[in-house]
Amino acid sequence: MFNTIYGWFSSLYGVDLDDYLIGFTRMVNAEGDPVWEANHYVMFGFIALGIALFIAVVYYYIINSAHFNKIWSWLTMLLITGLVNLFIGAGVIISRLNSGEIDRCLDEIAQDGNELYLNSVKTADCWMFGLANLFVSVAFFIIISLIIKWGSSSCKRSPF
Amino acid sequence: MAKLYVIGIGGTGSRVLKSLTMLMAAGVRVEDDKQRSYEIIPVIIDPDHAAADLTRTVKLMKDYSKVYNTLDHNSSNQNKFFGTKINMEIIPEVRLPLENTLDVDFKDYIGLPYMRDIDNLPNANFALVSTLFSQKNLDAKMEVGFKGNPNIGSVVLNQFALTKQWTDLVASFGQDDRIFVISSIFGGTGASGFPLLLKKIRSVDEKLPGCKNIKDSIIGAITVLPYFDVKPAEDSEIDSSTFMSKTKAALSYYDRNMTEANMIYYIGDKQKKQYENSEGGATQQNRAHFIELASALAIVDFARQSDLETTEGKPSKVQYKEFGIRDEVDEILFGNLDNYTNLNIKKPLVMFTMFCKYMKEQLADSVGKQPWSKDLKFDTNFVRSHFYGALLKDIETAYIQWLEEMADNSRAFTPFDLREKKNDVFALIKGVVPAKVFSFSSNYALFDDYLNKKQGKINHGSSKENMFVELFYTAINDLVKDKFRL
Chain A
1 MFNTIYGWFS
11 SLYGVDLDDY
21 LIGFTRMVNA
31 EGDPVWEANH
41 YVMFGFIALG
51 IALFIAVVYY
61 YIINSAHFNK
71 IWSWLTMLLI
81 TGLVNLFIGA
91 GVIISRLNSG
101 EIDRCLDEIA
111 QDGNELYLNS
121 VKTADCWMFG
131 LANLFVSVAF
141 FIIISLIIKW
151 GSSSCKRSPF
Chain B
161 MAKLYVIGIG
171 GTGSRVLKSL
181 TMLMAAGVRV
191 EDDKQRSYEI
201 IPVIIDPDHA
211 AADLTRTVKL
221 MKDYSKVYNT
231 LDHNSSNQNK
241 FFGTKINMEI
251 IPEVRLPLEN
261 TLDVDFKDYI
271 GLPYMRDIDN
281 LPNANFALVS
291 TLFSQKNLDA
301 KMEVGFKGNP
311 NIGSVVLNQF
321 ALTKQWTDLV
331 ASFGQDDRIF
341 VISSIFGGTG
351 ASGFPLLLKK
361 IRSVDEKLPG
371 CKNIKDSIIG
381 AITVLPYFDV
391 KPAEDSEIDS
401 STFMSKTKAA
411 LSYYDRNMTE
421 ANMIYYIGDK
431 QKKQYENSEG
441 GATQQNRAHF
451 IELASALAIV
461 DFARQSDLET
471 TEGKPSKVQY
481 KEFGIRDEVD
491 EILFGNLDNY
501 TNLNIKKPLV
511 MFTMFCKYMK
521 EQLADSVGKQ
531 PWSKDLKFDT
541 NFVRSHFYGA
551 LLKDIETAYI
561 QWLEEMADNS
571 RAFTPFDLRE
581 KKNDVFALIK
591 GVVPAKVFSF
601 SSNYALFDDY
611 LNKKQGKINH
621 GSSKENMFVE
631 LFYTAINDLV
641 KDKFRL
């Protein structure tokens, strides 16, 4: 599911980073089959979902305030959810890029005779993935809001 | 439901009835010792039909009665606001009318010009009247009352027992019903009307249906001693320097003759504010006073008394009570009142004041925005409805004004800081620091939170008006528990 959702935004950060995140490598094992690594979309997806759920629960059931049940308060929560996920997404990928983790996968592919993938993921792509993560988490927050808001006494009519 | 006929005589009677209505609106219940509520039948005896105190009180009671009739008073509701019925059906206009007092001099009213013998000389009746009444008395107009002359009042007020309203009152009187009479002792109407009324009740015309019940009824009364002065005015017949001598004379009379009431309450205050001198009419609009509130509490106390008996028009004994406050202060706060008084009025007044202040200061900002308003459809149409826009708002305005007047009087009853302070809403009760409540909201947002929490718990099947008052009562009840430990 997460592959599909992130796939809608993959054009933002390119097919190489998409391949890395999906866990697809062009490495082959001894039998000549492709080697798959962990699907990072699942991790980012659950993190985005968890953060969106956490912030929504805090907003609707902890804050649950008549003072904060205006549209701007809900938008603030939405923005916080998006920004946290932007920085998590971009931050984790940049750290992996800097550690050579991403290039290691792509290096393996390059050793296969094709050097197009070497250093093909740039820092800007990482930020674009962070942006994609923002969109996904925002979508989660909206959906979660619509589901759980009815249990809130003061914020049930927020955002509408 | 047993009835309690509260008969207010003169301006003080009207003002005490107003205080009683305010207390009942706030949820103070007039009930017997078994907590069975009385139905209040208000009656005003006042020749001054245009007195502002009277018209304000009658309007307030009519508004209250309409609110009461609109609300659902079954036991599943927690609401105590407007919890005691005011019955306006027996005497719809409240006032017992006095005929032939408009544009008539007292001398014409008693037929002085006809007190002559066949030679057209003044007869013995003329001579008797001349000894009992001064020329100023005889020339007095009566459309604004008796201007502090009980000797005039004792003659003119006799006629109320001839009215259809009095007949209706006697006919409606049940076996368990009671009567409470409010009068001042230092004016004209109250001082003369009170003994007269008691005599009329105890020696009621035996041809009237229901006469036995009223003759043997339990009667309570409050006699209000001087608690205000009026400014001296040359053209006015009301002179507050005579208040004390009149009081002494009347008390002396009461001491010898007043054996018809089962309970008599006395109240007064040595500290007095000087009012504008008004002989009556639309200009007689005295500020509300704590004495009137305390007098209204006498009615609540009287309703709870169980050991009172009357046989053959004679009370088995006459009990006397007085009212006092704990501390001799110029500005009375709740802390200066006795525990029993606080038990009766503190929580109801705090709750109703919060209700009124919310309606006055916040409701327009929350309607259509907060979930309690959206879910229960309290929209602008509701705000414009007769129930809210005319009845509740008028009562709210009158209630706040009543509190302000008491706070501005002397001695002042000023337990509330009534200023609009949206950033410090709960600094409402003077001398009480509100408790902290764990919440991301404060002030009116916190109030809205309590309303939002409660809106799901009230009966959505009842009328919108009932839901509105029930919602506010239950929310405020929780709020005062949390903020004021009430």
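Same order as they appear, the protein sequences are chains A and B. Quick note on our numbering: the first sequence kicks off at 1 and runs consecutively. Quick note on our numbering: the second sequence kicks off at 161 and runs consecutively. Here a beta-carbon is modelled for each residue, glycine too, at the ideal position from N, C-alpha and C.
Residues that residue i contacts on chain A, provided the C-beta gap is smaller than 7 angstroms
i: serine 601 of chain B; result: Ser65, Ala66, His67
i: lysine 613 of chain B; result: Ser153
Neighbour flag for residue i against chain A, beta carbons, 8 angstroms
i: aspartate 525 of chain B; result: no
i: alanine 635 of chain B; result: no
i: lysine 534 of chain B; result: yes
i: alanine 605 of chain B; result: yes
i: aspartate 608 of chain B; result: yes
Test: residue i CB closer than 8 angstroms to a CB of chain B
i: lysine 149 of chain A; result: no
i: lysine 156 of chain A; result: yes
Contact belief for residue i with residue j at Cβ below 8 angstroms, rounded distance in angstroms
i: alanine 448 of chain B; j: glutamate 565 of chain B; result: 4 angstroms
i: arginine 175 of chain B; j: asparagine 446 of chain B; result: 7 angstroms
i: leucine 258 of chain B; j: proline 207 of chain B; result: 5 angstroms
i: isoleucine 505 of chain B; j: arginine 571 of chain B; result: That pair is no contact at about 16 angstroms.
i: threonine 230 of chain B; j: phenylalanine 547 of chain B; result: 6 angstroms
i: valine 136 of chain A; j: tyrosine 20 of chain A; result: The pair is not a contact, with the Cβ atoms about 17 angstroms apart (cut-off 8 angstroms).
i: methionine 423 of chain B; j: lysine 481 of chain B; result: 7 angstroms
i: proline 594 of chain B; j: alanine 605 of chain B; result: Not quite, the Cβ-Cβ distance comes to about 15 angstroms (not below 8 angstroms), so this is no contact.
i: isoleucine 342 of chain B; j: isoleucine 382 of chain B; result: 5 angstroms
i: serine 145 of chain A; j: serine 65 of chain A; result: Between serine 65 of chain A and serine 145 of chain A the Cβ distance is about 16 angstroms, and since that is not below 8 angstroms, they are no contact.
i: phenylalanine 450 of chain B; j: phenylalanine 573 of chain B; result: 4 angstroms
i: glutamate 556 of chain B; j: lysine 520 of chain B; result: 6 angstroms
i: valine 330 of chain B; j: valine 364 of chain B; result: 6 angstroms
i: alanine 211 of chain B; j: glycine 171 of chain B; result: 6 angstroms
i: threonine 513 of chain B; j: leucine 457 of chain B; result: Wrong, their Cβ atoms sit about 17 angstroms apart, outside the cutoff.
i: phenylalanine 644 of chain B; j: valine 592 of chain B; result: 6 angstroms
i: isoleucine 427 of chain B; j: phenylalanine 494 of chain B; result: Not really, about 19 angstroms apart at Cβ, beyond 8 angstroms.
i: leucine 134 of chain A; j: leucine 97 of chain A; result: About 19 angstroms; that fails the 8 angstroms criterion.
Listed by chain order, chain A residues near residue i by CB distance under 9 angstroms
i: glutamine 530 of chain B; result: Ala66, Asn69, Ser154, Arg157
C-beta neighbour in chain C for residue i, strict 8 angstroms
i: aspartate 554 of chain B; result: The structure shown contains no chain C; its protein chains are A and B.
Practice task
For the segment 350-357 of chain B and the segment 407-419 of chain B, state whether three or more C-beta atom pairs, one from each stretch, are separated by less than 8 angstroms.
Solution key: yes
Problem - Runs of alpha helix (DSSP H) lying entirely within the segment 235-302 of chain B, each at least 4 residues, in chain order - result: 266-269, 284-292, 295-298
Handout entry: Stretch pair the segment 240-257 of chain B + the segment 188-202 of chain B: three plus CB contacts closer than 8 angstroms
Key = yes
Practice task
Would you list, in sequence order, the uninterrupted alpha helix (DSSP H) runs of no fewer than 4 residues that lie entirely inside the segment 26-57 of chain A?
Solution key: 40-57
Problem - Stretch-stretch touch, CB-based, cutoff 8 angstroms, three pairs: the segment 324-341 of chain B with the segment 372-385 of chain B - result: yes
Problem - Secondary structure, alpha helix (DSSP H): runs of 4+ residues fully inside the segment 413-489 of chain B - result: 450-464
Practice task
Please go through the segment 586-646 of chain B and give each complete alpha helix (DSSP H) segment of 4 or more residues, from N-terminal end onward.
Solution key: 603-615, 624-644
Practice task
Flag this pair as touching only if the segment 46-62 of chain A and the segment 573-589 of chain B have three or more C-beta atom pairs under 8 angstroms; answer yes or no.
Solution key: no
Problem - Every unbroken alpha helix (DSSP H) within the segment 314-365 of chain B, with a cutoff of 4 residues, ordered by chain - result: 324-332, 349-362
Problem - Touch test, the segment 530-549 of chain B against the segment 611-619 of chain B, Cβ-Cβ under 8 angstroms, three pairs minimum - result: yes
Handout entry: Cβ contact (3+ pairs, closer than 8 angstroms) linking the segment 507-516 of chain B and the segment 186-198 of chain B
Key = Touching, yes.
Problem - Stretch pair the segment 125-132 of chain A + the segment 77-94 of chain A: three plus CB contacts closer than 8 angstroms - result: yes
Exercise for the section: Please determine if the segment 231-243 of chain B and the segment 617-630 of chain B are in contact, where contact requires at least 3 C-beta pairs separated by less than 8 angstroms. Expected result: yes
Practice task
Return the chain-ordered ranges of every alpha helix (DSSP H) run that is complete within the segment 509-560 of chain B and spans a minimum of 4 residues.
Solution key: 523-526, 531-535, 540-544
Practice task
Quick one: which unbroken beta strand (DSSP E) runs of 3-plus residues sit fully inside the segment 179-232 of chain B? Chain order, please.
Solution key: 199-205
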